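Participant: Before anything else, here's the structure in question.
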Amino acid sequence: MSVEEIILDRENNRSIIMDVRGDRGGKTIIFCHGYKGYKDWGCWNLMANFFAENGFCVVKFNFSCNGGTMSNPIDFPDLEAFGSNNYSKEVQDLTDVVNAVEQEFHATSIFLVGHSRGGGIVLLVAESDPRIDKVVTWAGVSDYASRFPQDEKLKYWQEKGVYYIKNGRTGQEMPHYYQFYEDFEKNKSQLSIKRAVTSLDIPQLIVHGTEDEAVNVNEAYNLKKWSKNATLQLIKGAGHTFGTKQPWEGSDLPDHFIEVLDDTARFLRDH
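Spelled out as structure tokens, the structure:
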């Protein structure tokens, strides 16, 4: 499978690294990774190959402050950037990628697909951007506010200016600067997933594992309840990453993830 690497330079923001599979000029999927994720995590490359082989152009990218760099987009060599990330930056990143796809790819349709935290971002952008034709969330979150520290932990965060979460896979202590919370409070209405989904008119697919250990399946039910035009597809027995992991060795996909891909391709092709 041919892969085109692109660096999207921006005047006032960090550059974004992207990769593209499939023929430009047709139906285009833009994929957004989640928290502590990146475009080449686990099975994401096999996922992109699958959609390209099924007739889609597929764009994956790293959020500009996900902790990767242009020379090392895998894992988290730039923890300072990771700590400076926030939801508003991710919304702007995705908007800039959509702009590039529209201007350079001449896509006939633009579809957004997001995993976990990225699911919230694609919903926010889909609601505000009329160029988006369909939106899909995989194990997507329904709320950002509840994910912040509360009470004494929030007070401690404010006093110290930073708190750390250990990455169990890499062993890194990953910083979260208090600006993350300040930006959310400042832009709470714009960053409300419930508000976005309630206003969303385009077709929406919600895919969620019934045994998701990170984002409870009740969040999928929330998204379905709020939406005017959503299809809910539960993957029985599946966890948060649908059987995928990092690193992923080999070319065979886990059964649960094959279900996710088949359901998503059918939705994007047929609805």
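Per the working numbering, the very first residue in the sequence shown carries number 160; after that it's consecutive. All residues carry an ideal CB built from backbone N, CA and C; glycine is no exception. The structure presented is a predicted model; accordingly, all values stated were derived computationally and were not measured.
Over the uninterrupted alpha helix (DSSP H) stretch that includes residue 277, give me the two end residues.
Facilitator: Here residue 277 is taken as the residue at index 118 of the sequence shown, counted from 1. Residues 276-287.
Participant: Which first and last residues belong to the beta strand (DSSP E) in which residue 407 is found?
Facilitator: Locating residue 407 in the sequence shown gives position 248, counting from the first residue. No beta strand (DSSP E) holds residue 407; DSSP gives it neither H nor E.
Participant: What are the partner residues of residue 357, as DSSP defines its beta bridges?
Facilitator: Working through the sequence shown from its first residue, we reach residue 357 at position 198. Residue 357 pairs with nothing; no bridge assigned.
Participant: On the criterion of 16 or more Cβ atoms from any shown chain inside 10 Å, does residue 409 qualify as buried, or is it exposed?
Facilitator: Taking the first residue of the sequence shown as position 1, residue 409 is located at position 250. Label assigned to residue 409: exposed.
Participant: By Cβ distance, which residues of its chain are closer than 8 Å to residue 358, with the 5 residues on each side in sequence left out?
Facilitator: What you label residue 358 is simply residue 199 of the sequence shown in a count that begins at 1. Residues 286 of the same chain have their beta carbon placed closer than 8 Å to that of residue 358, with the five preceding and five following residues left out of the count.
Participant: Please list the terminal residues of the continuous beta strand (DSSP E) segment that includes residue 229.
Facilitator: On the sequence shown, position 70 is the one that residue 229 refers to. Element bounds for residue 229: n/a, residue is neither H nor E.
Participant: Using C-beta distances below 8 Å, list every residue in its chain close to residue 175, excluding the 5 sequence neighbours before and after it, in chain order.
Facilitator: One-based indexing of the sequence shown puts residue 175 at position 16. Taken in chain order, the residues that qualify are 166, 167, 169, 220, 221, 222, 223, 252, 255 and 256.
Participant: Label residue 428 either buried or exposed according to how many other C-beta atoms from any shown protein chain fall within 10 Å of its C-beta, with 16 as the threshold for buried.
Facilitator: What you label residue 428 is simply residue 269 of the sequence shown in a count that begins at 1. Counting Cβ neighbours within 10 Å, residue 428 comes out exposed, since fewer than 16 surround it.
Participant: Per DSSP, which residues does residue 177 bridge with? Please list them.
Facilitator: Indexing the sequence shown from 1 puts residue 177 at position 18. Its beta-bridge partners are 165 and 220.
Participant: Where does residue 137 fall in DSSP's three states?
Facilitator: Nothing can be reported for residue 137, as the shown portion of the chain is limited to 160 through 430.
Participant: I think residue 368 touches residue 394, with their Cβ atoms under 8 Å apart; what is that distance to the nearest whole Å?
Facilitator: As a first step, residue 368 must be located in the sequence shown, where it is residue number 209. As a first step, residue 394 must be located in the sequence shown, where it is residue number 235. Going by Cβ atoms, the distance from residue 368 to residue 394 rounds to 5 Å, so yes, they are a contact pair.
Participant: Could you pull the DSSP bridge partners for residue 333 from this structure?
Facilitator: Within the sequence shown, numbered from 1, the residue matching residue 333 stands at position 174. Beta-bridge pairing links residue 333 to 324.
Participant: For residue 270, which three-state DSSP category applies?
Facilitator: The residue labelled residue 270 in the question sits at position 111 within the sequence shown. Here residue 270 sits in strand by DSSP.
Participant: Enumerate in chain order the residues of its own chain whose CB-to-CB distance from residue 202 is below 7 Å, with the five nearest sequence positions on each side excluded.
Facilitator: Numbered from 1 along the sequence shown, position 43 holds the residue referred to as residue 202. Contacts found: 403, 407, 412 and 416.
Participant: Please check the pair residue 295 and residue 270, which I expect to be a contact at CB under 8 Å, by giving their CB distance rounded to whole angstroms.
Facilitator: Mapped onto the sequence shown, residue 295 falls at position 136. Mapped onto the sequence shown, residue 270 falls at position 111. So it is a contact: roughly 7 Å between Cβ atoms.
Participant: Does DSSP put residue 297 in a helix, a strand or coil?
Facilitator: Here the question's residue 297 lines up with position 138 in the sequence shown. In the structure shown, residue 297 sits in a strand (DSSP, three-state: E or B).
Participant: What ranges does the alpha helix (DSSP H) occupy inside the segment 365-406, keeping only unbroken runs of at least 4 residues that lie completely in it?
Facilitator: 377-385
Participant: Is it true that the CB of residue 298 sits closer than 8 Å to the CB of residue 178?
Facilitator: Sequence index remark: in the sequence shown, residue 178 carries index 19 (1-based). Sequence index remark: in the sequence shown, residue 298 carries index 139 (1-based). Taking 8 Å as the Cβ cut-off, residue 178 and residue 298 do not qualify as a contacting pair.
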